[in-house]
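Numbering (this note's numbering), first residue to last: 1 to 439.
Encoded as structure tokens, the structure appears first; notes follow it.
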Amino acid sequence: MKTLIKNSHILTMDAKRTEYSDGYLIIENNEILEVGSYDQLLQSESNFDEVVDAHQTIAIPGMVNTHTHIGMIPFRSLGDDCPDRLRRFLFPLEKACMTKELAYHSGKYAIAEMQLAGITTFADMYYFEDALAQATDEMKSRAILGETVVDFPSCDAPTPHGGIEYAKKFIPKWIDHELITPAIAPHAPNTNDPEALKAAAELAEEYGIPMTMHVAEMDYEMNHFREKYDATPVEFLQSIGVLSPRFIAAHCIYVSSQDLQILKQEGVGVAHCIGANTKSAKGVAPIQEMLDLAIPVGLGTDGPSSGNTLDLFTQMKLVANFHKTALHDRKAFPAKEIVAMATIEGAKVLNMSDKIGSLESGKKADIVLMETTSVNMFPIFDPYAALVYSANSSNVRDVFINGTAVVRNKQLVNNELSNLRSNLAAEMTDFSKKAKELA
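See the structure below:
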């Protein structure tokens, strides 16, 4: 299958940030074969199986969501302004009502939301990851899927740290999948003992897979490590030998200058979840300092209960607004840099930049076409600024993952959104009833 996409303003997000104002892309099977200016196209359009006219669009690489919890759609808008929400709603409802069926239908719905928002790759941490892998496979998205490990019995593991045993079956099952990379995901340094964290790291080492964790997210987490180890969480993780270039650290709000040097030294990537961090009044992570040290930083939505929306356009605006304000510097975090965080830099965090994150020959054909005909997209003097400050997920027109169209003209190709929603709603009956009792 050979496809030509023509007449688009292409932002390649390659190392030189090459643009083609009237560009073309050639997809052959699941890879990008060529990208360039349309007046340099040497082949006749008759040579292609399909020609996509992308007139009045901006083409960007598929967006990369570096941290989320796709099984948590049922929690969206539940207790959003409640200060003890985690223990009042989330933990009790997960224990009482979360099942593999509910996780599966939540996963499909969440992936649909992300695809419609131009997210082609995501990194997930939740329970019942085998069911979520099935959902991901059926939705044809690219993903890193990490089974949660935590120090209490959970909805899919009857014993503390049972996620490790779950992962030992989950990882081999999906290790050779074309689009899915299994991972291990200890919840946080303070919700796992050192032995469990080491066991998780050993599993990641054995299979050569990612390990992802919430790190330095909570103020009480910081107090716990000061009192118990006279260390920060980052210092503690380094001391037990679990940090590595395959480690994806989510949040990293409360990190010191020394912590940043450790992250740099160990090659750790950071998932920056500005929406969830600020909504929960936790703070603004020192992202500029990370970037100054060349620490890879990508954007994450966090879960649909924490950040509510599973799109990176929301995150890009928040990055600009919060960090410019925190630094008192209007020129900080220019739009081009923020678009990079949503694409190629996110791919670097996930150690996937050799395959995705930019529109270059030889990379996987994960491509998003943004229409520019809607009222909010005119005029456009700077396409990067338009993406960060003007655009939203409703401007996503077409989405290709691994060379296959999953969204066309703002509609899912292989699924009906109404069916995904009704299936999830039907599975949420017990959950909704229990949620109302807790409210």
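Note that CB positions come from ideal geometry on N, CA and C, so glycine has one too.
Nearest to Asp-430 by CA position, among Val-35, Gly-23 and Thr-99, is which residue? The residue among Val-35, Gly-23 and Thr-99 with its C-alpha nearest the C-alpha of Asp-430 is Thr-99.
Would you mind giving the Cβ-Cβ distance between Val-268 and Phe-236, rounded to the nearest angstrom? I have them listed as a contact below 8 angstroms. Contact doesn't hold; Cβ gap of about 14 angstroms is too wide.
For Asn-419, is the classification buried or exposed, using 16 other Cβ atoms within 10 angstroms of its Cβ as the cut-off for buried? By the neighbour-count rule (16 or more Cβ atoms within 10 Å), Asn-419 is not buried but exposed.
In or out: His-378 buried (at least 16 other Cβ within 10 Å) or exposed? The identity of residue 378 in the sequence shown is Phe, whereas the question assumes His. Classification of Phe-378: exposed, given that the 10 Å Cβ count is below 16.
Could you spell out where the beta strand (DSSP E) holding Val-399 opens and where it closes? Val-399 -> beta strand (DSSP E) spans 396-401.
For my contact list, Val-368 and Met-1 are in at a C-beta cut-off of 8 angstroms; report their separation, rounded to the angstrom. Taking 8 angstroms as the upper bound for CB-CB distance, Val-368 and Met-1 are not in contact here, some 19 angstroms apart.
Taking a contact to mean a Cβ-Cβ separation below 8 angstroms, would you say Gly-307 touches Ala-342 in this structure? No, the pair does not count as a contact, with Cβ atoms beyond the cut-off.
DSSP state of Thr-325, grouped into three classes? Thr-325: helix per DSSP, three-state reduction.
Using only alpha-carbon positions, find the residue among Met-222, Tyr-127, Val-35 and Lys-279 that is nearest to Asp-80. Nearest option by C-alpha distance: Lys-279.
Does DSSP classify Gly-307 as helix, strand or coil? Gly-307: coil per DSSP, three-state reduction.
Taking Cβ to Cβ, would you say Ala-59 is nearer than 8 angstroms to Ile-5? Yes, Cβ-Cβ distance for Ala-59 and Ile-5 is below 8 angstroms.
Check whether the segment 141-153 touches the segment 109-124, counting contact only when three or more Cβ pairs, one atom from each stretch, lie closer than 8 angstroms. A contact exists between the segment 141-153 and the segment 109-124.
Bridge partners - Ala-249, DSSP secondary structure assignment: Its beta-bridge partners are Met-213 and Val-270.
Any contact of the segment 384-393 with the segment 309-318, i.e. 3+ C-beta pairs under 8 angstroms? Yes, the segment 384-393 touches the segment 309-318.
When DSSP labels each residue in this structure, what does Asn-7 get in the three-state scheme? In the structure shown, the three-state DSSP call for Asn-7 is strand.
Three or more C-beta pairs closer than 8 angstroms, one from the segment 174-183 and one from the segment 109-118: is that the case here? The answer is no - the segment 109-118 does not touch the segment 174-183, with fewer than three Cβ pairs under 8 angstroms.
Under the rule that 16 or more other beta-carbon atoms within 10 Å means buried, what is Ala-185, buried or exposed? Result: buried.
Mind checking which residues open and close the alpha helix (DSSP H) that includes Pro-233? Segment 233-239, the alpha helix (DSSP H) holding Pro-233.
Beta carbon of Ser-154, beta carbon of Gly-162: below 8 angstroms? At the C-beta level, Ser-154 and Gly-162 come within 8 angstroms of one another.
Alpha-carbon spacing of Leu-387 relative to Asn-7, whole angstroms: Taking the CA atoms as reference points, Leu-387 sits about 18 angstroms from Asn-7.
Please go through the same chain and pick out, in chain order, the residues whose beta-carbon is closer than 7 angstroms to the beta-carbon of Thr-159, but skip the five residues on each side of it. Answer for Thr-159: Pro-153, listed in chain order.
Check Phe-48 in the structure and name its three-state DSSP category. Phe-48 falls in the coil class under three-state DSSP.
Rounded to whole angstroms, what's the CA-CA distance from Ala-320 to Lys-336? Just pull it up for me. About 11 angstroms.
Taking the beta carbon of Asp-193 as the centre, do at least 16 other beta carbons fall within 10 Å, making it buried, or is it exposed? Asp-193 counts as exposed, since fewer than 16 other C-beta atoms from the protein chains shown sit within 10 angstroms of its C-beta.
7 angstroms CB neighbourhood of Ser-46 in its chain, flanking five on each side removed: Residues of the same chain with their beta carbon placed closer than 7 angstroms to that of Ser-46 are lacking, with the five preceding and five following residues left out of the count.
Distance between Gly-403 and Gly-362 (C-alpha atoms, nearest Å): One alpha carbon belongs to Gly-362, the other to Gly-403, and they sit about 12 angstroms apart.
Check Phe-75 in the structure and name its three-state DSSP category. Three-state DSSP puts Phe-75 in a helix.
Is the number of C-beta pairs between the segment 65-81 and the segment 35-54 that are closer than 8 angstroms three or more? Judged by Cβ distances under 8 angstroms, the segment 65-81 makes no contact with the segment 35-54, as fewer than three pairs qualify.
Exposed or buried, what is Asn-376 when buried is set at 16 or more other beta-carbons lying within 10 Å of its beta-carbon? Around the beta carbon of Asn-376, a 10 Å sphere encloses fewer than 16 other beta carbons of the protein chains shown; the residue is thus reported as exposed.
Could I get the ranges of all uninterrupted alpha helix (DSSP H) runs contained in the segment 74-104, with 4 residues as the minimum, in chain order? Taking only runs of at least 4 residues, the alpha helix (DSSP H) segments lying wholly in the segment 74-104 are 91-97.
In the DSSP assignment, what are the bridge partners of Lys-2? As DSSP reads the structure, Lys-2 sits in a beta bridge with Glu-28.
Taking C-alpha atoms, which residue in Met-370, Arg-408 and Gln-134 lies nearest to Thr-57? Minimum Cα distance to Thr-57 is reached at Met-370.
Are Thr-68 and Gly-357 closer than 8 angstroms when you measure CB to CB? Going by C-beta atoms, Thr-68 is not nearer than 8 angstroms to Gly-357.
Simplified DSSP assignment, three categories, for Val-407: Val-407 falls in the strand class under three-state DSSP.
Taking only the alpha-carbon atoms, compute the straight-line gap between Ala-231 and Lys-355 and give it to the nearest angstrom. Between Ala-231 and Lys-355, the C-alpha separation is close to 37 angstroms.
Under the assumption that Glu-221 contacts Ala-271 (Cβ atoms under 8 angstroms), give the Cβ distance between them as a whole number of angstroms. Between Ala-271 and Glu-221 the Cβ distance is about 16 angstroms, and since that is not below 8 angstroms, they are no contact.
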